[in-house]
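For the sequence shown, this note's numbering assigns the number 1096 to the initial residue and increments by one for each residue that follows.
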Amino acid sequence: MTELDLQIACEFDNLPSFEQFQLWADKALSHYREDAELTIVISDEAQSQQLNNDYRGKDKPTNVLSFPFEAPPGIELPLVGDLIICPAIVLAESIEQEKAFHDHFAHMVIHGCLHLLGFDHIKDEDALEMESIEKQLLADLNIADPYRDDI
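What follows is the structure, encoded as structure tokens:
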């Protein structure tokens, strides 16, 4: 089971519960890691924008940022890394894409966890693999295909 450290760093209404975050993280990580430790930080738009600018060169807030943990050579730790999620952006996207807020939040947690595990979507074939995994994990949670409008 994933050991989750959930840090709420901003005020926001209707956030998912700790149990929901735990379920989503477990769903994404348990297929690949027997033991995993994960930190999820719920951030405001200013922090999201600052981190996105500092680490990705994009001067705007974003839905989820993934920071994989890289252990020093010879050190084995179950820590996979940190996710920084901005609920204001997740809410805006859920409204724009006509998705339930918590369903879109589940997608962001799963998407971010897959990034922490090394999955990416820069190349088309990698994007197809990652999206396929996301769709299956979300379907297992009775959440509709998040890419349905892209088909």
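Don't be surprised by glycine CBs; every beta carbon is placed ideally from N, CA and C.
| Query | Result |
| --- | --- |
| Following the continuous alpha helix (DSSP H) through Phe1200, name the residue where it begins and the one where it ends. | Phe1196 to Leu1211 |
| With respect to the beta strand (DSSP E) encompassing Ile1238, which residues constitute its N-terminal and C-terminal limits? | From DSSP, Ile1238 is part of no beta strand (DSSP E); its letter is neither H nor E. |
| With H, G and I counted as helix, E and B as strand and the rest as coil, what does DSSP make of Ala1166? | coil |
| Pair every Cβ in the region 1147 to 1159 with every Cβ in the region 1107 to 1120, then say whether three or more of these pairs are closer than 8 Å. | no |
| Exposed or buried, what is Gly1207 when buried is set at 16 or more other beta-carbons lying within 10 Å of its beta-carbon? | buried |
| At a cut of 8 Å, does the region 1125 to 1139 reach the region 1174 to 1188 through at least three beta carbon pairs? | yes |
| For Ile1246, count neighbouring C-beta atoms within 10 Å of its own C-beta (all shown protein chains included) and say buried if the count is 16 or more, exposed if not. | Confidence is the limiting factor: at Ile1246 the pLDDT is only 40, short of 50, which leaves the residue's position unreliable, though a coordinate-based value still follows. Under this definition Ile1246 is an exposed residue. |
| Quick one: any contact between the region 1162 to 1177 and the region 1205 to 1220, if contact means 3 or more CB pairs under 8 Å? | yes |
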